[in-house]
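Engineer:
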Amino acid sequence: MRRAFLGEFEEIVLLVVAACPAEAYGVTIWEDLQQQTGRSITMSAVHATLYRLEEKGFLSSTMGGATAERGGRRKRFFTLTALGVRALNDVQQVRSRLWQAIPPGKFQLIGG
Amino acid sequence: MNRSPQPRNDRPPRFAHWLLTRLHPENTLEEVEGDLAELYDYWHHRAGRTQAILRYALNVLSVLPPFVRRRKQVKQQYEQPSSIHPVMIRNYLKIAFRNLQRNKGYTLINVAGLALSMTCGILIFTLVSHHLSYDNFHANADRMYRIVTEMHRDNIGYNHSVPSPLGKHFRDDYTFAEKVARIISADDQLITLRNGADIKKIKEEEGVAFTEPEFFDMFNFPLLEGDKKTALLEPNTAIMTERMAKKYFGDENPIGKTFWLNNRIVFRVTGILKDLPDNTDRKNEIFVSYPTLKAYDSWLANDIDGWGGIRDGVECYVQLRPGVSVAQVEGVMPAYVKKYRPTSKNVHHYKLQPLADIHFNAQYGGVMEKKNLWVLAIIGLFLLGTACVNFINLATAQALKRAKEVGVRKVLGGLKGQLFWQFISETGLITIVGVIVALGMAVLMLPVVNAFFHSQMTLNLFQNSRFVLFIVALGVAITFFAGSYPGLILAGFKPVVALKGKLSQQHIGGFNTRRTLIIAQFAISQVLIIGMLVIMYQMRYAKQADLGFDRAAIVMVPMGDDSTHTKMNTLRNELLRIKGVEKVSICYAAPASTNSWGNFVKVDNEETNFRTSIKSADDQYLSTFGLELAAGKNLFPADSAREFLVNETFLRKLNIKSPEAALGKLISANGGTMVAPIVGVVKDFHDASFHQEISPIILTTNKSDYSDYAIKLNVAQAKTTLAAIEKAWLEQHPDQLFAYQFVDESIAKFYETEDRILQLVEFFSLIAIFIGCLGLYGLMSFMAAQKTKEIGIRKVLGSSVSQILWIFGKEFSRLIGLAFLIAAPIAWWAMTNWLQGFQFHVQMEAWIFLAAIGSTLLIAALTIAYQATRAASVNPVKSLRSE
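Protein sequence lines, in the order shown, are assigned to chains A and B. Everything in the first sequence is counted per my numbering, starting at 1 for the first residue and increasing by one. Everything in the second sequence is counted per my numbering, starting at 113 for the first residue and increasing by one.
(1) Can you tell me the Cα-Cα spacing of residue 810 of chain B and residue 680 of chain B, whole angstroms?
(2) How is residue 533 of chain B classed by DSSP in three states: helix, strand or coil?
(3) Cutting at 7 Å between CB atoms, please list the residues of its own chain near residue 927 of chain B, excluding the five before and the five after it.
(4) Determine whether the Cβ of residue 16 of chain A lies closer than 9 Å to any Cβ atom of chain B.
(5) When you compare the region 692–702 of chain B with the region 829–849 of chain B, are there three or more beta-carbon pairs, one atom per stretch, that lie closer than 8 Å?
(6) Quick check on residue 187 of chain B: does DSSP put it in helix, strand or coil?
(7) Run through the region 391–464 of chain B for me and flag every whole alpha helix (DSSP H) of 4 or more residues, listed as ranges in chain order.
(8) Go ahead and pull the three-state DSSP assignment for residue 847 of chain B.
(9) Can you tell me whether DSSP reads residue 290 of chain B as helix, strand or coil?
(10) Measure the beta-carbon distance from residue 176 of chain B to residue 135 of chain B and round it to whole angstroms, keeping in mind my assumption that it falls under 8 Å.
(11) Give me, in chain order, the residues of the same chain whose beta-carbon lies closer than 7 Å to that of residue 963 of chain B; leave out the 5 immediate sequence neighbours on both sides.
(12) Return the first residue and the last residue of the alpha helix (DSSP H) that residue 337 of chain B is part of.
(13) Residue 759 of chain B and residue 797 of chain B: beta carbons closer than 9 Å?
(14) Using a C-beta cutoff of 9 Å, does residue 23 of chain A count as contacting chain B?
(15) Going by CA-CA distance only, name the one from A/13, A/108, A/85, A/92 that's closest to residue 36 of chain A.
(16) State yes or no: is the beta carbon of residue 209 of chain B nearer than 9 Å to at least one beta carbon in chain A?
(17) Please give the ranges of any beta strand (DSSP E) in the region 686–721 of chain B, keeping only runs that are unbroken, at least 3 residues long and fully inside the region.
(18) For residue 522 of chain B, which of B/578, B/556, B/611 has the nearest alpha-carbon?
(19) Under 9 Å Cβ-Cβ, which residues of chain A neighbour residue 140 of chain B?
(20) Which partner residues of residue 744 of chain B appear in the DSSP bridge assignment?
(21) Would you check if the region 744–760 of chain B and the region 783–800 of chain B touch, i.e. whether three or more CB-CB distances between them fall below 8 Å?
(22) Alpha carbon to alpha carbon, what distance is there between residue 766 of chain B and residue 455 of chain B?
(23) Report the residue from B/433, B/687, B/851 whose alpha carbon sits nearest the alpha carbon of residue 314 of chain B.
(24) Can you tell me whether residue 868 of chain B is buried or exposed? The criterion is at least 16 other CB atoms within 10 Å of its CB, across all chains shown.
(25) Below 8 Å on the Cβ atoms is my contact criterion, and I expect residue 991 of chain B with residue 913 of chain B to pass it. Report the Cβ-Cβ distance as a whole number of Å.
(26) Could you pull the start and end residues of the alpha helix (DSSP H) that residue 173 of chain B belongs to?
(27) Give the DSSP-derived three-state secondary structure of residue 674 of chain B in the structure shown.
(28) Taking Cβ to Cβ, would you say residue 344 of chain B is nearer than 9 Å to residue 402 of chain B?
(29) Where are the beta strand (DSSP E) runs, 3 residues long or more, that stay fully inside the region 758–822 of chain B, in chain order?
(30) For the region 206–224 of chain B against the region 474–484 of chain B, are there 3 or more C-beta pairs whose distance is under 8 Å?
(31) Does chain B have any CB closer than 9 Å to the CB of residue 7 of chain A?
(32) Against chain A, with Cβ distances strictly below 9 Å, would residue 589 of chain B count as a contact?
(33) The alpha helix (DSSP H) spanning residue 488 of chain B covers which residue range?
(34) Please state whether DSSP places residue 273 of chain B in a helix, a strand or coil.
(35) Going by CA-CA distance only, name the one from B/539, B/379, B/728 that's closest to residue 321 of chain B.
(36) Do the region 894–909 of chain B and the region 652–665 of chain B touch if we need at least three Cβ pairs shorter than 8 Å?
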């Protein structure tokens with residue numbers, strides 16, 4: 001299977017969903033994203049990414065029950081799929097391989 | 113501040129929210145809406161209202177297309193079967209059948225209305241396509257023309273004939289035509305078969321035609337026996353159709369048999385034609401060889417004298433070479449007039465009439481004008497249209513009853529499309545039944561239509577593919593036209609509203625639409641009724657008005673072909689001796705007759721510029737017909753034109769003021785062969801139908817023009833007298849056929865066309881009223897259903913039955929009154945125009961309009977009586993109990 005490409009933002013969203021202790025939906029994900037990255041992110045960017053990830057099969061979603069707090073509208077909860085886990089693992093492996101490939105002491109040399 | 117339900121004014125901005133719900137893709141709308149609402153709350157809490165509104169709006173914008181795409185649904189939640197799946201179709205039909213069975217009355221009315229109008233539609237289609245197919249079966253029909261004559265005088269006259277020699281010269285002088293054929297028909301001929309002393313006399317109405325052989329090269333009338341090249345070459349040869357051969361010679365082989373024309377000319381049969389098809393204008397079925405014409409009429413056969421005038425029945429057909437234009441041929445024609453008619457004032461203009469035009473051009477004697485065909489087609493379409501409209505009316509009136517059914521179906525997952533198809537299939541069933549009934553009725557009605565239009569049309573479903581196509585198209589079109597609207601209305605019900613029983617008439621097309629439709633129908637019916645009354649009135653006037661002469665009990669008996677002056681006088685004396693014969697006059701024609709001999713006479717050597725009708729008659733003419741003299745005296749008995757009587761119109765045309773002043777003036781008629789003084793002036797009498805002005809007329813005793821005996825009978829014993837007249841006549845003309853016609857009958861024949869129009873209008877007004885009543889019935893049943901409760905309450909509060917009936921009465925009289933207001937001016941305008949076609953006509957009178965609206969009201973009242981009475985007499989306990 002061809003490994004799906006994960007964009008940077010996608011990867012972070014996927015990680016946020018994975019890291020979320022409770023059920024993750026639009027607003028919580030958006031909040032976490034803002035906190036973790038410190039960037040200002042629009043809601044629509046989050047939505048678009050979530051749906052794209054769902055289309056790619058990394059996330060799955062279910063509609064929750066009606067709630068009183070948002071005018072009775074239901075929330076869509078996102079969870080990681082097996083494919084999503086594999087994708088994150090892949091990315092992680094590539095990263096760690098690359099990290100290991102860096103010659104020891106090179107960073108000191110550059111002065112990072 | 114807590115996050116729980118916000119105060120009302122802390123809701124997100126309404127416009128942005130509305131924008132979101134309208135434009136954001138539906139499948140993710142709910143959670144996006146929720147998320148944004150939550151965020152709004154959050155911002156409101158953290159940064160205040162303005163910030164929250166701003167950010168909310170910004171966010172809404174960023175989730176509208178094109179920033180988000182409508183996403184494909186990953187998988188359909190529920191697979192909908194197609195609306196026209198076979199299983200569904202079976203279901204539609206089953207439900208349709210059950211519904212129709214349950215509402216038998218409704219079904220019956222619908223089927224009746226549709227079937228009636230479709231019958232008319234089918235018959236009209238048959239008629240129109242029959243007429244359009246006339247003479248279209250000849251090879252090269254597009255290059256075939258008939259040479260006709262325009263006669264330019266003070267007005268232009270049109271004649272489908274030409275001088276008889278024209279065809280011959282055209283063939284010899286020019287190469288424009290591949291084929292030229294002259295055919296001279298002589299109708300109403302006496303044919304006799306002689307077997308020794310035994311004579312069989314047959315009156316052949318369509319007569320015979322003197323035909324050049326090339327005619328059968330051009331026209332596709334195949335010969336079964338004989339050779340078409342040679343059969344008509346020799347004098348005294350004839351060919352006839354199979355049908356005719358059977359009529360004359362029975363089962364014997366007709367080839368070589370002989371028959372006599374007018375006891376003068378004998379013909380030998382040399383060929384047998386296949387029976388002529390129905391759709392040809394060629395009506396005579398006996399064709400005789402052209403060279404025989406010399407024996408029949410030497411003037412017609414003469415190549416020089418023949419140019420002198422135009423005799424009816426002389427036709428000349430040409431088939432032009434490819435590429436030769438009509439203008440080219442018409443261009444050489446004036447030369448003939450110059451060469452052969454040097455003395456006449458360039459009256460004749462010869463033109464080419466395309467073969468395809470012959471059947472339709474009334475100017476040249478065409479039978480059926482295309483205009484009339486289109487009118488018929490429009491009437492047919494209109495009838496179909498009204499039937500559909502009534503269907504829509506009834507179906508939507510029924511819609512309320514089925515609202516619950518639609519609701520349940522929708523709740524159980526029925527789609528709009530499926531419901532639509534269900535209602536269409538119901539309409540389809542009704543239409544199919546209607547089509548079958550209509551086909552049956554059309555077959556039954558066809559003989560009537562054939563008799564009416566003098567045609568021999570047939571309806572054959574299995575041979576005529578165009579007809580089958582028409583029937584199928586008709587069924588499909590009606591189904592969709594009539595079924596779509598009710599189908600869409602019903603299928604569009606909102607299930608919640610439908611199930612709660614809260615549907616009202618507003619949901620199914622307002623009352624006013626229905627009313628408009630009813631008004632339109634009744635307006636049309638009333639136009640037709642008014643038209644019918646006006647035509648009847650005018651016809652009665654035309655047939656019964658004083659024509660200026662007596663026509664009761666006068667019978668015209670033609671002279672025998674072999675009559676001589678002696679025979680004529682003997683017969684007159686014999687006739688006068690018969691008991692019951694009051695007067696006898698020998699004359700050219702009755703005072704009013706389609707026979708008229710026109711002439712441009714000279715008065716005191718001055719040319720006149722109007723056509724004068726010359727009526728030759730003996731001295732008994734005035735007394736027999738009760739004509740009155742305005743001045744002078746009656747004609748003196750004579751054998752030639754010794755004296756003239758003129759009518760008042762003649763004087764008026766000459767600007768002679770008093771009748772006395774005309775006496776003694778010298779008239780020179782018929783190119784100077786008849787010169788005599790005026791001795792008397794006759795009061796004007798109608799010499800033709802009321803369509804025409806009274807012509808200038810001169811009367812004289814020119815014996816050689818006499819052709820009829822006008823015999824005034826004593827009515828009491830008309831039958832025996834006629835028998836005696838026949839006996840006396842046959843004594844003088846033993847081998848001729850006796851015929852007679854009463855003058856009032858022949859005058860009634862002037863108005864054959866009008867009589868036919870009248871019959872048509874009567875028929876269509878009947879149908880229009882019937883269909884209109886169906887519509888009214890539908891409307892009233894709808895009203896009755898709507899007002900059940902209202903009527904109950906009214907009755908409880910003390911209304912009488914008649915008061916409640918008035919509720920309905922008010923409604924329909926208002927509709928018909930409105931329809932009348934529309935119909936009256938249209939009918940007035942149309943009928944005034946129609947009456948303009950008569951020089952002498954009745955006036956549009958108020959009673960005609962009153963009668964029209966009165967009869968419509970009466971018929972409408974009868975139609976709704978049952979519905980209204982039933983609705984009005986229902987026990988209020990019953991209508992109010994259920995809620």
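Glycine is no exception: its CB is placed at the ideal position from the N, C-alpha and C atoms.
Structural biologist: On the basis of the coordinates in this document:
(1) Numbered from 1 along the second sequence, position 698 holds the residue referred to as residue 810 of chain B. Numbered from 1 along the second sequence, position 568 holds the residue referred to as residue 680 of chain B. Between residue 810 of chain B and residue 680 of chain B, the C-alpha separation is close to 23 Å.
(2) Here residue 533 of chain B is taken as the residue at index 421 of the second sequence, counted from 1. Residue state, collapsed to three classes: helix.
(3) The sequence position of residue 927 of chain B within the second sequence is 815, counting from 1. Hits under 7 Å: 627, 630, 631, 634.
(4) Translated into the one-based positions of the first sequence, residue 16 of chain A becomes position 16. No, no contact with chain B.
(5) yes
(6) Start at 1 with the first residue of the second sequence, and residue 187 of chain B comes out as number 75. Note that residue 187 of chain B scores 48 on pLDDT, short of 50, meaning its location in the model is unreliable and no value can be drawn from it.
(7) 405–408, 410–413, 438–452
(8) In the second sequence, the residue the question calls residue 847 of chain B occupies position 735. Three-state DSSP puts residue 847 of chain B in coil, outside helix and strand.
(9) For the purposes of this step, residue 290 of chain B is taken as residue 178 along the second sequence, with counting starting at 1. In the structure shown, residue 290 of chain B sits in a strand (DSSP, three-state: E or B).
(10) Taking the second sequence and counting its residues from 1, the one referred to as residue 176 of chain B is at position 64. Taking the second sequence and counting its residues from 1, the one referred to as residue 135 of chain B is at position 23. Rounded, the Cβ-Cβ distance is 5 Å, consistent with contact.
(11) Taking the first residue of the second sequence as 1, we reach residue 963 of chain B at position 851. Hits under 7 Å: 645.
(12) Walking along the second sequence from the start, residue 337 of chain B turns up at place 225. Counting along the chain, residue 337 of chain B sits inside no alpha helix (DSSP H); it lies in the beta strand (DSSP E) bounded by residues 335–337.
(13) By one-based count along the second sequence, residue 759 of chain B stands at place 647. By one-based count along the second sequence, residue 797 of chain B stands at place 685. The answer is yes: Cβ separation under 9 Å.
(14) Position 23 of the first sequence holds residue 23 of chain A. Not one chain B Cβ lies under 9 Å of residue 23 of chain A.
(15) Here residue 36 of chain A refers to the residue found at position 36 of the first sequence. When only C-alpha atoms are compared, the closest one is A/13.
(16) The residue given as residue 209 of chain B occupies position 97 in the second sequence. Cβ-Cβ to chain A under 9 Å: no for residue 209 of chain B.
(17) 693–699
(18) For the purposes of this step, residue 522 of chain B is taken as residue 410 along the second sequence, with counting starting at 1. Here the closest residue by C-alpha is B/611.
(19) Indexing the second sequence from 1 puts residue 140 of chain B at position 28. Neighbours of residue 140 of chain B on chain A, chain order: 47, 51, 76.
(20) Here residue 744 of chain B is taken as the residue at index 632 of the second sequence, counted from 1. DSSP output for residue 744 of chain B lists B/792 as bridge partner(s).
(21) With the cut-off at 8 Å, the region 783–800 of chain B and the region 744–760 of chain B touch.
(22) Position 343 of the second sequence holds residue 455 of chain B. Position 654 of the second sequence holds residue 766 of chain B. Residue 455 of chain B and residue 766 of chain B: Cα-Cα distance of roughly 25 Å.
(23) Here residue 314 of chain B corresponds to residue number 202 of the second sequence, with the count starting at 1. Ranking B/433, B/687, B/851 by Cα distance to residue 314 of chain B puts B/851 first.
(24) Taking the second sequence and counting its residues from 1, the one referred to as residue 868 of chain B is at position 756. Its Cβ having fewer than 16 others within 10 Å, residue 868 of chain B is exposed.
(25) To locate residue 991 of chain B, count along the second sequence from 1; it is residue 879. To locate residue 913 of chain B, count along the second sequence from 1; it is residue 801. Between residue 913 of chain B and residue 991 of chain B the Cβ distance is about 14 Å, and since that is not below 8 Å, they are no contact.
(26) The residue you call residue 173 of chain B lines up with position 61 of the second sequence. Counting along the chain, the alpha helix (DSSP H) containing residue 173 of chain B begins and ends at 161–174.
(27) Here the question's residue 674 of chain B lines up with position 562 in the second sequence. In the structure shown, residue 674 of chain B sits in coil (DSSP, three-state: anything other than H, G, I, E or B).
(28) Counting from one through the second sequence, the residue named residue 344 of chain B turns up at place 232. Counting from one through the second sequence, the residue named residue 402 of chain B turns up at place 290. Their beta carbons are under 9 Å apart, which means residue 344 of chain B touches residue 402 of chain B by this criterion.
(29) 778–781, 786–794, 809–812
(30) The answer is no - the region 474–484 of chain B does not touch the region 206–224 of chain B, with fewer than three Cβ pairs under 8 Å.
(31) The residue you call residue 7 of chain A lines up with position 7 of the first sequence. Closer than 9 Å to the CB of residue 7 of chain A there is not a single CB belonging to chain B.
(32) Translated into the one-based positions of the second sequence, residue 589 of chain B becomes position 477. No, residue 589 of chain B lies away from the interface with chain A (no Cβ there is under 9 Å from its Cβ).
(33) For the purposes of this step, residue 488 of chain B is identified with residue 376 of the second sequence, where counting begins at 1. Its alpha helix (DSSP H) spans residues 482–511.
(34) On the second sequence, position 161 is the one that residue 273 of chain B refers to. In this structure, residue 273 of chain B counts as coil in the three-state DSSP scheme.
(35) Along the second sequence, one-based indexing puts residue 321 of chain B at 209. Out of B/539, B/379, B/728, B/379 has the C-alpha closest to the C-alpha of residue 321 of chain B.
(36) no
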